[in-house]
Every structure is written in structure tokens, then in C-alpha cells.
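**Q** Can you read through this structure? Questions will come right after.
Residue numbers (my numbering), protein chains in the order written: chain C, 972 to 1230; chain B, -19 to 401.
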């Protein structure tokens, strides 16, 4: 039995794949170092992330997989649910050990599962692109906070960069304490140890940090939302299917009416 | 707080909401001028109303003053409602500020007709022009084309807008004449035809010259009201078919009539025909994405869609001789015709069966919904169901049998009928 630990990065995980092939020692479990429990049985392999090795694994996968299948593997990493490391490993092993392409073989459990995870993560990404609400601060920054089910922040950056090229904006993931900041030239990941906002405030800035027109536009948006509705067609079930309650915290139109 | 704009927004959003289109997809406008917005990809619904409709665009009228008196329209001249109008700048400010906060994908601007068609159209164009040229706005713009507006204005509108639409309003010329005496089909079809020609021309030119200015890259659409007049579903779907084929429309939207008027020219209804509208949309989808001909969906013997079951199931029950379909060998087109199997499932099936013969368990794991499909398919010649039900028995089994519940919508509507009765 071989227990692999790694530093939690995607490159680290790819290095694990490399090491396992090097030793022909297939992992019983793969875990981030800080979470790993020392085991009485079997051997623990501490893998140090090695960019060169990670790259070789990635290039190997690239030769055998389409761009969208590669993307699915990365999405599985961002999925973060228990067992994702093993799944990525098993998928990679299936790819390397099969003489022919395995892509689209939904009769193989790993392939189907990765495809389903891709769908889940993609949906969350799309929801964040839809439900993020920026609030303009007095110094002209458009700020939003999120706490997505999966770690989709790296996936939504491109979308917002293209869309808001002419305004400074920041999105902060309150549950992972990671943020991105676009300064009109480039977007950088920032880890805020003491952001102006605590997670408990659920992403709302204090109103004294607002731009002078911020409240007005939030209010106009609420007015619009109320008046675009057709009461004769009310359909709460459909409404909730589209915006499950856990997303309401982002939406200014779902907050108490401003006066 | 600027109460004036709030008051206007209430009135002019209220008046615009019966226009159902909220699509923001199909635009190809990239943000390559370091401006604001990007409309290349697929559409995004930023919110949903309590009636479950997508909110993607700021959908408003420029004004609800109107010289026309169309019986079905809340903005008709004779209706006693408060009238107001936005200035061009007010619409621009709302659009930009909503967009910057990620509330919307763009603007859907329509209008009541003040003075005349050209006067109104000119203002709509001015809003779009200002957004594109002064604000460097690359988000989505959908402009309503006012019937009777000049060709030059429509052409200019197409330069700034991603989508143009002219509403056909009602499913037959006769209905239009009785309910909207100032309008007629030829006046509506004329701009539709001219937009089509422009679209074709722009496409041809872009093949020759790279820098051809874009013309309404997301195409044109139209809308008609269902249930205000007596047309059958067959008449409605035939009209849509003609519009798709003859005018290259991207979409025909169907708006279940919400009684906004007690005008004696209208059918008397108390509830919007939500289920009927839904069935018509399903039929429309079958024509556009599932390879169905309109004649297969409705014909002389079945001029109206079955409200209880979807039109694909309806077709399958009338055409049992095509079934069962063997999942492991049938063509994609035929798998797509199996009730309950959609485009995604059909593609997965085609992909997976290259590797191994498929069983029902594979289908379940792939997420194929078998509730209806199981009556119409075999996997390696095995079936999950005895296949000897007649169509009427099948219909009943699918609707009521085996714990299958009717859609919440249907139950809701039936409750309403009972209450009304």
C-alpha cells in the first residue's frame, strides 16, 4: 500500500502521477500534506512538486486527449470534493495504459464521473458569471465577493477581464480567502489576510465605502426586477430551480427593498 | 434620490415586459477597443423573475405614448394608463450602470409610437449609436424595429444593434386587422424582408472584405401572441415555419396572452395559456433542433397540440411503427426522436457505444431519463417494458401510471380551472 502526499497544487498532483509511474507503485490514497494522517501500514511517499515532471505528465496527456478533456481534468481538481486526487490519477492511468483513445467512453466509470464533475463545475462557473454583483466603491473600484461551491475563481477571470476592460474590479472568494484584482492592465491573484470585509458580512461593503450613486443603482435595479415580473404567471417552483436560495446572498434584487 | 427616473422605470419596464424575448446570445461583438462589455459568447441570465423567466437584458420602452390602438396591447391609445418617456441619456445611463455592476448583458429597447414610425425609430437608433460610439459599449443591444420606418433607419439600426426584431403580433392577417386596425402584415413583413436582405448582403460582403461593418450579427426575431385570437396551433406553427424558412429568423417567440384589456374584440380568457405556450415552444424546438417537419407535429387531423403530453411523445404515439429503436445501432436522427432523449443524451449514446455495447444501466448512469424512453427503445434487443401496449394505454401509463406525476405546471393550471369552475 502506498500513500502519496503532495502540496495541494495541480502541478503537485501531476508530479504524483509521474512518481507513481517511476516507482510502479500505485497509490492507495493521495492526500494534501497538511491533511494526511500518518499510516501504520504501507509506505508514505512525500512528493515534492517538480515543474519539469508535472510538465511531462501534462504533455503526455495533451498528446492523447482533446482540449476539452484536459479542461475536464483541471475542473476535477477545482471540484475539491473528497477523492478528486484519486479520480484524476485513475483517469490519467487509464489514458496512459490504453492503446487507443478512451475519450467519450462513458461506459468507463472514471470517464463518466469526470464528465459529470466537469458539468457541475461548469455550471457553478456559469452561475458566478451570472450572479456576481459588483458594488462601486468611493474610489471607483467595482467589488464583489463570492463563496462558490467549487473553486471556480480561476475559471471566471477571463470572462470578467474581457467584459470589464475599462474599469478596476476585484472579486473575493470569502470561503477560500482568495481574490483577484484587475487594475486596468492585468489581473493578479491576491491573498488578503485582512480584507476590509469579513466573510460574515457576505460580501457587502459597508455603505460608507460606497460610491455616491451606488445605492441609487441598487435601488433602480430592485425597481426594475419588481416591475419586469408578470404576477399572473407566478411560478415559484421554476423560479427556485433557476436561482436556488443559496445564491440569493449575492443578488441585490433579493435583498430587502431600499428606500 | 432621483425619483423621476425611478417613476419612469416602473412604468416603462411594466409596459415592456410582455415582450418575451430576452435572448442575449449569438452576438459576435468582441471587446477589442478596451471599452466596456463583450458579447461574443453565449447569453447569460443574470436573474430570474418570480414567474421563472430569464432576466438577461434591461428591457424597457423608450416611451409608452402611442398613436395606435391595438386591442391586445397594454400601451394602446385608449387604455387609461400613466404615460411617460425616457430621454436618450437616461436610457444610456441606466444601461451602462447596470452593465458595469454585472446586472445585465445589455439593452432591449422597444417603444410606443409617438408622432410617426420614423420619428420613433430615429430615437431608438440614437440610443444605440450613443452607447456604441460615445460609451464604447460592446454589450448586447436588441432594437425593436418600428413597422413603417424607413429603410435607411433600419439599416443604421443594424449597424449598432446585435439583434433586430419586428413583431408579427398575431398568428393571422385577419386577426391583426380586427385587433390592430392600423397595422397590416405587409407593413410588418416589409422591414422583415429588408432586414433579411441586409443580413444576407453583409454576410456575402464579409466573405470578400474582412472589414465589412457588422449588421445585426445575432440576426432577427419576431413575436406573436398566443391565445388572444382563435387560431389553431397548426396555423401558428405553419406561420413560424414560413418565417424560419422565408425570412431566416433566428427565433419566433410566443407570448401567451395575459389579459391586459377587456376590449370586446378579444377572446375572453382569465388566465394566460401557459401550458399551451410551453407546448408550442417545444414544437418550435422540434422544428429547429430535432429535424421535425411541421407536418409531423400538427396536421389536419390533429390541428392542436396535446396539452397533457409533449409534442415529441405525441408524434411517437402516432407513429409507433418507427419503434422500438435499438440504441446500439440506430442513427443519431432516430435516437433524437425517442421521447425523453434530448440532444445531449443522444450525443453521449453515440459516443459511448463506439466502445462497448450499451445496457440500460449504462443509459441510467449517463443520466438518460428512461421514464418515457423505455417504452420506445431496446438495448441489445432487450427491452425494459413489454412492448405490446397500444398507444392509448401507453399514453395513460406515461401520464398517470407507475407513480409518474403530472407536471407541476399542469396541476397548477388544472387547479385554476377547477377553482374557476
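Ideal Cβ positions, reconstructed from N, Cα and C, are used throughout, including at glycine. Model, not experiment: these values are computed from the prediction.
How about residue 1199(C): is its C-beta nearer than 7 angstroms to some C-beta of chain B?
**A** Taking Cβ atoms only, chain B reaches closer than 7 angstroms to residue 1199(C), which makes this a yes.
**Q** Indicate whether the contact test is met: 3 or more Cβ pairs, each with one atom in the segment 1037 to 1056 of chain C and one in the segment 306 to 314 of chain B, closer than 8 angstroms.
**A** Cβ pair count under 8 angstroms is below three, so no.
**Q** Nearest CA to the CA of residue 83(B): which residue from 128(B), 24(B) and 110(B)?
**A** Among 128(B), 24(B) and 110(B), the Cα nearest to that of residue 83(B) is on 24(B).
**Q** Between residue 224(B) and residue 257(B), how many whole angstroms is the CB-CB distance? I'm expecting something under 8 angstroms.
**A** 18 angstroms between Cβ atoms; not a contact.
**Q** So the alpha helix (DSSP H) residue 258(B) belongs to, where does it begin and stop?
**A** Counting along the chain, the alpha helix (DSSP H) containing residue 258(B) begins and ends at 254 to 269.
**Q** Is there a C-beta anywhere in chain B that falls below 7 angstroms from the one on residue 1105(C)?
**A** With 7 angstroms as the cut-off, residue 1105(C) counts as an interface residue toward chain B.
**Q** Helix, strand or coil for residue 1122(C) per DSSP?
**A** Looking at residue 1122(C) - three-state DSSP - the assignment turns out to be coil, as it is neither helix nor strand.
**Q** Name the residues in the segment 1043 to 1076 of chain C whose C-beta lies less than 7 angstroms from a C-beta of chain B; which are they?
**A** The residues in question are 1075 and 1076.
**Q** Quick one: is residue 332(B) near chain C, going by C-beta distance under 7 angstroms?
**A** So yes, residue 332(B) belongs to the interface.
**Q** Counting only the same chain and skipping the five closest in sequence on each side, list residues whose C-beta sits under 6 angstroms from that of residue 1161(C).
**A** 1150 and 1152, listed in sequence order.
**Q** For a contact meaning CB atoms closer than 8 angstroms, what does residue 35(B) contact in chain C?
**A** Those are 1196 and 1199, listed as they occur along chain C.
**Q** Quick one, are the C-beta atoms of residue 352(B) and residue 329(B) less than 7 angstroms apart?
**A** No, the pair does not count as a contact, with Cβ atoms beyond the cut-off.
**Q** For the alpha helix (DSSP H) that contains residue 174(B), what are its first and last residues?
**A** 165 to 188 is the span of the alpha helix (DSSP H), which, as asked, contains residue 174(B).
**Q** So with Cβ pairs under 7 angstroms, would you call residue 1004(C) a contact of chain B?
**A** So, not an interface residue.
**Q** Secondary structure at residue 106(B), three-state DSSP: helix, strand or coil?
**A** The answer is helix: DSSP assigns residue 106(B) an H, G or I state.
**Q** Report yes or no: is there a C-beta of chain B within less than 7 angstroms of the C-beta of residue 1204(C)?
**A** Yes, residue 1204(C) lies at the interface with chain B (some Cβ there is under 7 angstroms from its Cβ).
**Q** May I ask which residues mark the beginning and end of the beta strand (DSSP E) holding residue 1017(C)?
**A** Residues 1014 to 1017.
**Q** Exposed or buried, which one is residue 273(B) when buried takes at least 16 other CB atoms within 10 Å?
**A** So residue 273(B) counts as exposed.
**Q** Could you name the residues of the segment 9 to 32 of chain B whose beta carbon sits closer than 7 angstroms to any beta carbon of chain C, in the order they occur along the chain?
**A** Within the segment 9 to 32 of chain B, the residues whose Cβ lies closer than 7 angstroms to some Cβ of chain C are 11, 14, 15, 16, 17, 18, 24, 25, 26, 27, 28, 29, 30, 31 and 32, listed in chain order.
**Q** Just verifying my parser: in three-state terms, what is the DSSP assignment at residue 204(B)?
**A** Three-state DSSP puts residue 204(B) in a strand.
**Q** In whole angstroms, what separates the C-alpha of residue 1181(C) from that of residue 1106(C)?
**A** Using only the alpha carbons, I get a separation of about 7 angstroms.
**Q** Would you please verify whether the beta carbon of residue 42(B) is less than 7 angstroms from any beta carbon of chain C?
**A** No, residue 42(B) lies away from the interface with chain C (no Cβ there is under 7 angstroms from its Cβ).
**Q** Under 8 angstroms Cβ-Cβ, which residues of chain B neighbour residue 1192(C)?
**A** Here the neighbours are 78, 81 and 83.
**Q** Can you check whether the C-beta of residue 1088(C) is within less than 7 angstroms of a C-beta belonging to chain B?
**A** Residue 1088(C) does not count as touching chain B.
**Q** Under a three-way DSSP split, which group does residue 1077(C) fall into?
**A** Looking at residue 1077(C) - three-state DSSP - the assignment turns out to be coil, as it is neither helix nor strand.
**Q** What does residue 41(B) pair with, by DSSP beta-bridge criteria?
**A** According to DSSP, which records beta bridges pairwise, residue 41(B) is partnered with 90(B).
**Q** Need the endpoints of the alpha helix (DSSP H) that residue 1213(C) sits in, please.
**A** Its alpha helix (DSSP H) spans residues 1207 to 1213.
**Q** Give the DSSP-derived three-state secondary structure of residue 1170(C) in the structure shown.
**A** Residue placement at residue 1170(C) cannot be trusted, given a pLDDT of 46 that sits under 50; the coordinates are not used to answer.
**Q** Return the first residue and the last residue of the beta strand (DSSP E) that residue 1219(C) is part of.
**A** Taken as a continuous stretch (DSSP letters only), residue 1219(C) belongs to no beta strand (DSSP E), as it is neither H nor E.
**Q** Closer than 7 angstroms by C-beta to residue 342(B): which residues in its own chain qualify, once you throw out the five before and the five after it? Chain order, please.
**A** Hits under 7 angstroms: 332.
**Q** Measure how close the beta-carbons of residue 174(B) and residue 131(B) come, nearest whole angstrom, since I'm counting them as under 8 angstroms.
**A** Sure, about 6 angstroms apart at Cβ, within 8 angstroms.
**Q** Just how far apart, CA to CA, sit residue 303(B) and residue 339(B)?
**A** Rounded to the nearest angstrom, the two C-alpha atoms are 18 angstroms apart.
**Q** Assuming residue 1032(C) contacts residue 1066(C) (C-beta within less than 8 angstroms), just tell me the rounded distance between them.
**A** Indeed, because the Cβ distance is near 6 angstroms, the residues count as touching under 8 angstroms.
**Q** Could you spell out where the beta strand (DSSP E) holding residue 144(B) opens and where it closes?
**A** Element bounds for residue 144(B): 143 to 145.
**Q** Taking the alpha-carbon positions, what's the residue 373(B) to residue 296(B) distance?
**A** Straight-line Cα distance between these residues: approximately 13 angstroms.
**Q** Restricting to Cα atoms, I'd like to know which of 26(B), 63(B), 362(B) and 80(B) is closest to residue 44(B).
**A** Comparing Cα-Cα distances from residue 44(B) to each of 26(B), 63(B), 362(B) and 80(B), the minimum goes to 63(B).
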